[in-house]
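Visitor:
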Amino acid sequence: MYQIYCDVAVIGAGPAGLAAAAAAKGEGAEKVLLIERDSSTGGILQQCIHPGFGLTYFKEELTGPEYAGRFAKKAEEAGAQVLLDTMVLEILPDENKIICANGKLGLTEVNAKSIVLSMGCRERTRANIQIPGTRPAGVYTAGAAQRLMNRQNLMVGKNVVILGSGDIGMIMARRMSLEGAKVHAVVELNSFLAGLTRNKVQCLDDFGIPLMLSHTITRIEGNERVEGVYVAKVDDKLCPMPETEEYIPCDTLLLSVGLLPENEITKKAGIELSPITGGPAVNQFMQTTAPSVYACGNVVHVNDLVDNVSGESAVAGACAARYAMGTLAKADEVNTVTGENVRYLCPQHLAKTGDGKAKVFFRVLRPDENVTLQAVSGDKVIARKKAARVNPGEMCNIDIPLAEVSGDVTVSVVKEA
Amino acid sequence: MKKTIICTVCPMGCHIEVEGEGANITAISGHTCKRGEEYGRQEFVEPKRILTTTVKTDNPAIPLVPVRSKGLLPKDKIADCMEVIQKTTVKAPVAVYDVIIENICGTGIDIVATGTLK
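Read top to bottom, the protein sequences are chains A and B.
The numbering of the first sequence is the working numbering, which starts it at 47 and goes up by one.
The numbering of the second sequence is the working numbering, which starts it at 423 and goes up by one.
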């Protein structure tokens, strides 16, 4: 096998990987190698041609490609190297090896003292949610349609129905409309919009596209190509009510029904995954249960803002570099525990370093107003923060002072006293 | 004329009530900050949007370059602008922020590249 040697190997050169690689070089690692399966860096941002990125990190409103370009430049100027068109097949953390495949080099072994996982997500598919009916051409996940349209100049269809009111679905409703398609409806299972209100206004209302809340797709029809879908209202248990079924003729169905962190190689390496996030369980160093393996970006948990990913990834890259150089502190760990109205916490563990702060990110289960976010360790409230509004679609965070951590840290969202 | 506008400046999504005729606003309420008031006024008089799309290249291996309007375009000119962009082809080299179409449809706004073409 072709052999490559480096100090820190970063798997995935999207926004997370690029930020991690730049930070690893900045921390002093000598050779940092990004391994990317695509033929260019930037990851998913290359196809996210719409604006909304960089509002906090750069204080400017950028499109995906602009944001990716800035981080590609950061990584390049820092001296990180990139291996494109290379698919990672397996990681062997105990042997400090990554097995990957490259068209020119063949099967390749990358020897690295530490590894950063930044593979992002894949999309939930029709098969995952088991929509009944025939299996004609014309059923795409929204992100796949976005790649085909925005990078390969292929129009996926002309008469479209979209399942899921998440941001990807709404953004594709606008994109397809701008390129001459007719989007007949966006169908949403829940009684509330999944994505940002701003996208409902600019992607649906602007184009006169109806939003069908509390509805779902019950059947796909069509022989070789989609010919139409059946849409039905759902009850308060989210079950379709067959008597409400209506038929919408169309030739394309886009699915925007969730992102799944892409952790096949993480699982294969025996690294512990969190069942709620679907990503590796990490501590505040973004270190997984394999001490030489770090993780950042959507592969850990699905983020709303890439700005957040950039911060988290810089931590992962810096800590991976310190580990490679033998200077990363070791400490006993406690768990972070979900309290009232908290769905999950990241990091899942905290190393008791005794000083400094660790930022813990989380999502709530239900929307609420005028609440207090609080962290308790032992029987003491060690952090407290007020919030005017919380909702599941916007990630929250709280700073934990590590000196005050005795046992497990429980984070809750409580109503004002 | 009275319109309810949902503000999109921040995630609060305040419902802003605007009353007036054409460019003359007689009453505005429901906003909770200055940026919201400005948005409500603009949206009532002349809604504007950033346009992002892709432009064809002459290179079949890299068929598209992403582009954006450098500033906000009047919402009712978006369809005309799309037509002009769809008739355009670019050649390498293209750098980020290169002007692809100057003063599109007489709006005074340029269409610039957001990606590169080597």
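Cβ atoms here follow ideal geometry from the backbone N, Cα and C, with glycine treated the same way.
In this text, all values refer to a predicted model and were calculated from it rather than measured experimentally.
For A:Pro111, go through chain B and note every residue whose CB falls closer than 7 Å to its CB, in chain order.
Guide: Here the neighbours are Pro488, Thr536 and Gly537.
Visitor: Just checking: is the beta-carbon of A:Gly115 within a distance shorter than 8 Å of some beta-carbon in chain B?
Guide: It does: the Cβ of A:Gly115 has a partner Cβ on chain B nearer than 8 Å.
Visitor: How would you list, in chain order, the residues of chain B whose beta-carbon sits under 7 Å from the beta-carbon of A:Arg244?
Guide: Chain B residues near A:Arg244: Thr430.
Visitor: Indicate the three-state DSSP secondary structure (helix, strand or coil) for A:Ile322 in the structure shown.
Guide: In this structure, A:Ile322 counts as coil in the three-state DSSP scheme.
Visitor: Considering only residues of the same chain and omitting the five flanking positions on each side of B:Pro485, which have a CB-CB separation below 8 Å?
Guide: Excluding sequence neighbours, B:Pro485 sits near Lys478 and Thr479.
Visitor: Kindly list the residues whose CB is nearer than 8 Å to the CB of B:Leu494, restricted to its own chain and excluding five residues on each side of it in sequence; keep chain order.
Guide: Closer than 8 Å at Cβ, skipping near neighbours: Lys470, Arg471, Ile472 and Ile531.
Visitor: Quick one: what's got a C-beta closer than 6 Å to A:Cys52's C-beta in the same chain, skipping five residues either side?
Guide: Cβ neighbours of A:Cys52 beyond the five flanking positions: Lys77, Leu79 and Ala158.
Visitor: Return the chain-ordered list of same chain residues with a C-beta closer than 7 Å to the C-beta of A:Glu440, the five sequence neighbours on each side being excluded.
Guide: Closer than 7 Å at the Cβ level, and outside the excluded window around A:Glu440, lie Asp350.
Visitor: Once DSSP output is grouped into helix, strand and coil, what is the label at B:Pro481?
Guide: It should be pointed out that residue 481 of chain B corresponds to Asn in this sequence rather than to Pro. Of the three classes helix, strand and coil, the one that applies to B:Asn481 here is coil, per DSSP.
Visitor: Please list the partners that B:Lys497 has in chain A, where partner means a Cβ-to-Cβ separation under 9 Å.
Guide: Simply Asp252.
Visitor: On the criterion of 16 or more Cβ atoms from any shown chain inside 10 Å, does A:Leu284 qualify as buried, or is it exposed?
Guide: The residue in question, A:Leu284, is exposed, as its Cβ has fewer than 16 Cβ neighbours within 10 Å.
Visitor: Quick check on the DSSP output: the alpha helix (DSSP H) that includes A:Pro111 runs from which residue to which?
Guide: Segment Gly110 to Ala124, the alpha helix (DSSP H) holding A:Pro111.
Visitor: Closer than 6 Å by C-beta to B:Gly442: which residues in its own chain qualify, once you throw out the five before and the five after it? Chain order, please.
Guide: Cβ within range, chain order: Thr448.
Visitor: Within 8 Å, do at least three Cβ pairs link the stretch 210-227 of chain A to the stretch 244-251 of chain A?
Guide: Cβ pair count under 8 Å is three or more, so yes.
Visitor: Consider the Cβ of B:Met423: report whether some Cβ of chain A lies at a distance smaller than 8 Å.
Guide: Closer than 8 Å: no.
Visitor: Can you tell me whether A:Asp252 is helix, strand or coil according to DSSP?
Guide: Helix.
Visitor: Is A:Arg409 helix, strand or coil by DSSP?
Guide: If DSSP states are grouped into helix, strand and coil, A:Arg409 belongs with the strands.
Visitor: CA-CA distance, A:Leu396 and B:Glu460?
Guide: Those two C-alpha atoms are separated by around 44 Å.
Visitor: Are the beta-carbon atoms belonging to A:Ala114 and A:Gly89 less than 8 Å from one another?
Guide: Yes, Cβ-Cβ distance for A:Ala114 and A:Gly89 is below 8 Å.
Visitor: Just to confirm the assignment: which complete beta strand (DSSP E) runs, minimum length 3, are found wholly within the stretch 227-251 of chain A?
Guide: The qualifying runs are 228-233.
Visitor: Can at least three beta-carbon pairs, one atom from the stretch 507-515 of chain B and one from the stretch 228-241 of chain A, be found at a separation below 8 Å?
Guide: The stretch 507-515 of chain B, when compared against the stretch 228-241 of chain A, does not touch it at the 8 Å Cβ threshold.
Visitor: My guess is that A:Ile144 and A:Val134 are in contact by the Cβ rule of under 8 Å, so how many angstroms apart are they, rounded?
Guide: Between A:Val134 and A:Ile144 the Cβ distance is about 6 Å, and since that is below 8 Å, they are a contact.
Visitor: With 7 Å as the C-beta to C-beta threshold (strictly closer), list the residues of the stretch 192-213 of chain A near chain B in chain order.
Guide: If the cut-off is 7 Å between Cβ atoms, the stretch 192-213 of chain A has Asn196, Arg197, Gln198 and Asn199 near chain B.
Visitor: With 7 Å as the limit, tell me which residues of the stretch 516-532 of chain B have their beta carbon closer than that to any beta carbon of chain A; keep them in chain order.
Guide: Within the stretch 516-532 of chain B, the qualifying residues are Val518.
Visitor: Using C-beta distances below 7 Å, list every residue in its chain close to A:Ile444, excluding the 5 sequence neighbours before and after it, in chain order.
Guide: Closer than 7 Å at Cβ, skipping near neighbours: Val406, Leu419, Ala421, Ala429, Lys431 and Val457.
Visitor: In or out: B:Cys436 buried (at least 16 other Cβ within 10 Å) or exposed?
Guide: Buried.
Visitor: Would a check of beta-carbon distances place A:Leu351 closer than 8 Å to chain B?
Guide: Closer than 8 Å: no.
Visitor: Note the first and the last residue of the continuous alpha helix (DSSP H) segment covering B:Phe466.
Guide: That run of the alpha helix (DSSP H) goes Lys456 to Val467.
Visitor: From this set, B:Arg463, B:Gly452 and B:Ala445, which residue's C-alpha is nearest B:Ile438's C-alpha?
Guide: For B:Ile438, the nearest C-alpha among the options comes from B:Gly452.
Visitor: Does the distance from the CB of A:Val345 to the CB of A:Gly110 come in under 8 Å?
Guide: The answer is no: Cβ separation not under 8 Å.
Visitor: Output yes if chain B places a C-beta closer than 8 Å to the C-beta of A:Glu310; else output no.
Guide: For A:Glu310, the answer is no, since every Cβ of chain B falls outside 8 Å of its Cβ.
Visitor: Between the stretch 452-476 of chain B and chain A, which residues of the former have CB atoms less than 7 Å from a CB of the latter, in chain order?
Guide: Per Cβ criterion, the list reads Arg471, Ile472, Thr474, Thr475 and Thr476.
Visitor: I'd like to know whether the C-beta of A:Glu122 is nearer than 8 Å to at least one C-beta of chain B.
Guide: So, not an interface residue.
Visitor: Counting pairs of Cβ atoms below 8 Å between the stretch 495-504 of chain B and the stretch 519-528 of chain B, do you hit three or more?
Guide: These segments touch.
Visitor: If we define contact as Cβ-Cβ less than 8 Å, is B:Lys478 a contact residue for chain A?
Guide: Cβ-Cβ to chain A under 8 Å: yes for B:Lys478.
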